[in-house]
DNA sequence: CATATGAAGATTGTATCCAATCTTGTTGGG
DNA sequence: CCCAACAAGATTGGATACAATCTTCATATG
C-alpha cells in the first residue's frame, strides 16, 4: 500500500476526493479549522495542501478571506477544454509513434479493467480505470511536464463530472470508442488517435457543461 | 506602490527574484531557517510560498529533505519550450483577431519602453518590458488560464536566462523583431505573428541551453 | 426606512515550540 | 582499508498559541 510519508500528502489526497466527490461543493468556503479537525491534522499541513490545489486551479484564494472551492463558469470550462485539446493532441502526436507493442498490450489490459468495472456497475472504478487508460497513453510521449499539465486540466473539472458514467448507454459508447482507439494505436495512426481522443473530450464537455448550468 | 496584503505574498515575490537572479543557484537546497530569517519572516509563510513555486516547477521537493532550486536538464528545457510553443501559438491565434487599435497602440507604447531601456543599457528593465510586451499580446486572447500556464513556462527558465540582453547586438536584433511583429499585428496577420513569436523563442532556447550546458 | 457605526465573534495569518527524520562524522569490527 | 553501526547535529514536519483581519449583527443616526 502506498503509505504517506507526510501528513500533507495524505491531506492532499483526501481533499482531492472531497472536491471530486462533491462533498466540498463548488463555491463553498474551505473553513480550515473544522476541516483540519475532521481530517485529524492541524491547519499547517492543510494550508500547504490548499496551496497546491490553488496552483492547480481547484480552489481559489483570497487573502484574509480564505480558500473557496473553484466554481467554474461556462467560459472557464470552454477554456479548460481548449487547453486540454492543445496539450492532449501534442501528447498523442508525440507518444503514438513511440508506443511499443508491450505498451499497447498494457493499454488493452487497462481497457479490460474498465469494462469489468462497467459490467459490475462500479462507477468510481470505471472513472479511475478510464483515467489510467488515457494517462498511460499520454505518458508514452515521455513528456512529464506536459502530462502534469494535462492532469491539472482533468482535475479542474473533476468536481463537475459527477454522473456521466452512471448511464449504461454512455458506458457502452465509451467502451466502443476505447476499442476503436486501440485499433488506431496498433496501426500507429496518429491522426485518427487524435480525432478519437477529441471525441472523448466532446462527450465530457457536454456532460460537465450541463452540470454547471443546472444550479 | 503595490503593498503586500500578506507576508507570504511578499516572500513569494522575493523568492522569484532570488531564483531568477541566480542568488539561489539551481540545485542548491533551500534551507528554510536561514532563508526565513534573512527575509524577516517565520518558516510558515516561506513554506507556503515554496509550495507555490513547487507547483510551477521552480523548485523541487523531497519529503523530509526539503526544497531544492530546480536544476533543468536539456531535455527539460526542450520540453518547456515545446509546451510554450503550443500555448503561445494558441494565444496568438486567438488573440490577434481580437486586437483593437488601442491594444496595438498600447503594445507600441511598451516597445518604446523596451527601446528606452535598451538605450540606457538597463538589462533588468529591458527584461521586464520585454515580458510586458509579450504578455500584453497573450492577454489579448482573453484566456487567463492559458496565459497563466505560459507565465509558468517563462518562469521555469528565468533562472537560466541570465545574460542574453547584455549583448548590444542581441538587443538591436530583438528590437527589430518586435517592430516587425507589431507590423504583423497591425495587419492582423496571425500566421506571421506566430512565426515571429517562434523566432523569439528560438533565440531564447539557444541562449538558455548554452547556460545549462556550461557547468 | 435606509444607512452609518461599532463591537463581538469567526476566521485567517504567522511565530514559536517540539517531535520526527535525515545527514554527517566517528568508531569499531572484519 | 572498507564498511557497518551508531551517536550528535542539522533540518524538516506539524501542533499550538496568539495576532491581524474580516464578517456579522445589533444599534444609533439622519
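Chains as they are written, first to last, in this note's numbering: chain A, 603 to 817; chain B, 603 to 817.
Idealized CB from N, CA, C, for every residue including glycine.
Keep in mind it's a predicted model, so treat the numbers as computed, not measured.
- Query: Of all the CB atoms in chain B, is at least one closer than 9 Å to the CB of residue 802 of chain A?
  - Reply: Numbered from 1 along the first chain, position 200 holds the residue referred to as residue 802 of chain A. It does not; no Cβ of chain B falls within 9 Å.
- Straight-line Cα distance separating residue 794 of chain B from residue 783 of chain B: Taking the first residue of the second chain as position 1, residue 783 of chain B is located at position 181. Taking the first residue of the second chain as position 1, residue 794 of chain B is located at position 192. Near 8 Å, if we compare the C-alpha coordinates of residue 794 of chain B and residue 783 of chain B.
- Task: Could you tell me which chain B residues have their CB closer than 8 Å to the CB of residue 698 of chain A, listed as they occur along the chain?
- Result: Counting from one through the first chain, the residue named residue 698 of chain A turns up at place 96. Under the 8 Å cutoff, chain B gives no residues; its nearest Cβ is about 16 Å from residue 698 of chain A.
- Message: Quick test of your reading: residue 751 of chain B and residue 685 of chain A, contact by CB under 8 Å. State the CB separation rounded to the nearest angstrom.
- Response: Residue mapping note: residue 751 of chain B aligns to position 149 of the second chain, counting from 1. Residue mapping note: residue 685 of chain A aligns to position 83 of the first chain, counting from 1. About 7 Å; that satisfies the 8 Å criterion.
- Query: Is it true that the CB of residue 763 of chain B sits closer than 9 Å to the CB of residue 687 of chain B?
  - Reply: Taking the first residue of the second chain as position 1, residue 687 of chain B is located at position 85. Taking the first residue of the second chain as position 1, residue 763 of chain B is located at position 161. No, Cβ-Cβ distance for residue 687 of chain B and residue 763 of chain B is not below 9 Å.
- Query: So which of A:666, A:811 and A:796 has the shortest CA-CA distance to residue 607 of chain B?
  - Reply: On the second chain, position 5 is the one that residue 607 of chain B refers to. Considering only alpha carbons, the answer is A:666.
- Item | Whole-angstrom distance between residue 658 of chain A and residue 789 of chain B, CA atom to CA atom | If you number the second chain from 1, residue 789 of chain B lands on position 187. If you number the first chain from 1, residue 658 of chain A lands on position 56. Approximately 37 Å, taken between the alpha carbons.
- By DSSP, does residue 630 of chain A sit in helix, in strand, or in coil? Here residue 630 of chain A refers to the residue found at position 28 when the first chain is read from its first residue. The answer is coil: DSSP assigns residue 630 of chain A none of H, G, I, E or B.
- Message: For a contact defined as C-beta to C-beta under 9 Å, what are the partners of residue 608 of chain A on chain B?
- Response: Within the first chain, numbered from 1, the residue matching residue 608 of chain A stands at position 6. Ordered by position in chain B, the residues that pass the 9 Å Cβ test against residue 608 of chain A are 665 and 666.
- Message: Three or more C-beta pairs under 8 Å: does that hold for the stretch 624-633 of chain A against the stretch 667-686 of chain A?
- Response: yes
- Would you please state the rounded distance, in angstroms, between the beta carbons of residue 679 of chain B and residue 810 of chain B? I believe it to be under 8 Å. Walking along the second chain from the start, residue 679 of chain B turns up at place 77. Walking along the second chain from the start, residue 810 of chain B turns up at place 208. At roughly 6 Å, the Cβ-Cβ gap stays under 8 Å, so residue 679 of chain B and residue 810 of chain B are in contact.
- Query: What residue from B:748, B:717 and B:769 has the CA that sits closest to residue 694 of chain B's CA?
  - Reply: The residue given as residue 694 of chain B occupies position 92 in the second chain. The candidate whose alpha carbon is nearest that of residue 694 of chain B is B:748.
- For the candidate residues B:786, B:770 and B:655, whose alpha-carbon lies nearest to that of residue 611 of chain B? By one-based count along the second chain, residue 611 of chain B stands at place 9. Residue 611 of chain B has its Cα closest to that of B:655, out of B:786, B:770 and B:655.
- Task: Within 10 angstroms of the Cβ of residue 681 of chain A, are there 16 or more other Cβ atoms? Answer buried if so, exposed if not.
- Result: For the purposes of this step, residue 681 of chain A is taken as residue 79 along the first chain, with counting starting at 1. With 16 or more other Cβ atoms within 10 Å, it is buried.
- Could you pull out every unbroken beta strand (DSSP E) segment of at least 3 residues lying fully inside the stretch 624-668 of chain B, listed in chain order? 661-664
- What are the residues of the stretch 672-705 of chain B that lie near chain A, defined by any Cβ-Cβ distance shorter than 8 Å? 678, 681, 682, 684, 685, 688, 689 and 692
- Can you find a C-beta in chain B that's less than 9 Å from the C-beta of residue 615 of chain A? Here residue 615 of chain A is taken as the residue at index 13 of the first chain, counted from 1. Output row for residue 615 of chain A: interface = no.
- Message: Using a Cβ-Cβ distance cut-off of 9 Å, determine whether residue 748 of chain A contacts chain B.
- Response: By 1-based counting over the first chain, the position of residue 748 of chain A is 146. Closer than 9 Å: yes.
- Item | Where residue 792 of chain B falls: helix, strand or coil (DSSP) | One-based indexing of the second chain puts residue 792 of chain B at position 190. Helix.
- In terms of residues, what are the limits of the alpha helix (DSSP H) holding residue 711 of chain A? To locate residue 711 of chain A, count along the first chain from 1; it is residue 109. It spans 703-721 - the alpha helix (DSSP H) in which residue 711 of chain A sits, taken as one unbroken run.
- Query: Is the stretch 770-787 of chain A touching the stretch 710-725 of chain A in the sense that three or more CB pairs, one from each, lie closer than 8 Å?
  - Reply: yes
- In three-state terms, what does DSSP make of residue 671 of chain B? Residue numbering aside, residue 671 of chain B sits at position 69 when the second chain is read from its first letter. Of the three classes helix, strand and coil, the one that applies to residue 671 of chain B here is strand, per DSSP.
- Item | Length of the line joining the Cα atoms of residue 640 of chain A and residue 647 of chain B | Within the first chain, numbered from 1, the residue matching residue 640 of chain A stands at position 38. Within the second chain, numbered from 1, the residue matching residue 647 of chain B stands at position 45. Answer to the nearest angstrom: the Cα atoms are 23 Å apart.
- Please report the residue range of the alpha helix (DSSP H) in which residue 729 of chain A lies. To locate residue 729 of chain A, count along the first chain from 1; it is residue 127. Run containing residue 729 of chain A: 725-741, per the alpha helix (DSSP H) assignment.
- Which value, in whole angstroms, describes the spacing of the CA atoms of residue 624 of chain A and residue 734 of chain A? If you number the first chain from 1, residue 624 of chain A lands on position 22. If you number the first chain from 1, residue 734 of chain A lands on position 132. About 21 Å.
- Backbone CA spacing between residue 796 of chain A and residue 691 of chain A [nearest angstrom]: Within the first chain, the letter at position 194 stands for residue 796 of chain A. Within the first chain, the letter at position 89 stands for residue 691 of chain A. Rounded to the nearest angstrom, the two C-alpha atoms are 6 Å apart.
- residue 642 of chain A, buried or exposed, once every other Cβ within 10 Å from all chains shown has been counted against 16: Here residue 642 of chain A refers to the residue found at position 40 when the first chain is read from its first residue. Its Cβ having fewer than 16 others within 10 Å, residue 642 of chain A is exposed.
- Message: Please tell me whether residue 783 of chain A has its Cβ less than 9 Å away from any Cβ of chain B.
- Response: In the first chain, counting from the first residue as 1, residue 783 of chain A sits at position 181. For residue 783 of chain A, the answer is no, since every Cβ of chain B falls outside 9 Å of its Cβ.
- Cβ neighbours of residue 719 of chain A in the same chain (closer than 7 Å, five flanking residues each side left out): Numbered from 1 along the first chain, position 117 holds the residue referred to as residue 719 of chain A. Result list for residue 719 of chain A: 727, 728 and 731, in chain order.
- Beta-carbon spacing of residue 615 of chain B, residue 757 of chain B below 9 Å: As a first step, residue 615 of chain B is located in the second chain; it is residue number 13 there, counting from the start. As a first step, residue 757 of chain B is located in the second chain; it is residue number 155 there, counting from the start. No, Cβ-Cβ distance for residue 615 of chain B and residue 757 of chain B is not below 9 Å.
- Message: Please identify, using Cβ separations under 8 Å, the residues of the stretch 727-756 of chain B that lie next to chain A, in order along the chain.
- Response: 745, 746, 747, 748 and 751
- Task: With 8 Å as the limit, tell me which residues of the stretch 634-668 of chain A have their beta carbon closer than that to any beta carbon of chain B; keep them in chain order.
- Result: 646, 649, 650, 653, 654, 656, 657, 658, 659, 665 and 666
- Item | residue 723 of chain B burial status per 10 Å Cβ neighbour count (16 or more: buried) | Counting from one through the second chain, the residue named residue 723 of chain B turns up at place 121. Exposed, since its Cβ has fewer than 16 Cβ neighbours within 10 Å.
- Run of the alpha helix (DSSP H) containing residue 744 of chain A, from where it starts to where it stops: Counting from one through the first chain, the residue named residue 744 of chain A turns up at place 142. Run containing residue 744 of chain A: none; DSSP gives neither H nor E here.
- Item | Selected residue, minimal CA-CA separation from residue 755 of chain B, among B:721, B:709, B:770 and B:683 | Counting from one through the second chain, the residue named residue 755 of chain B turns up at place 153. Selected option, being the one with the closest Cα: B:683.
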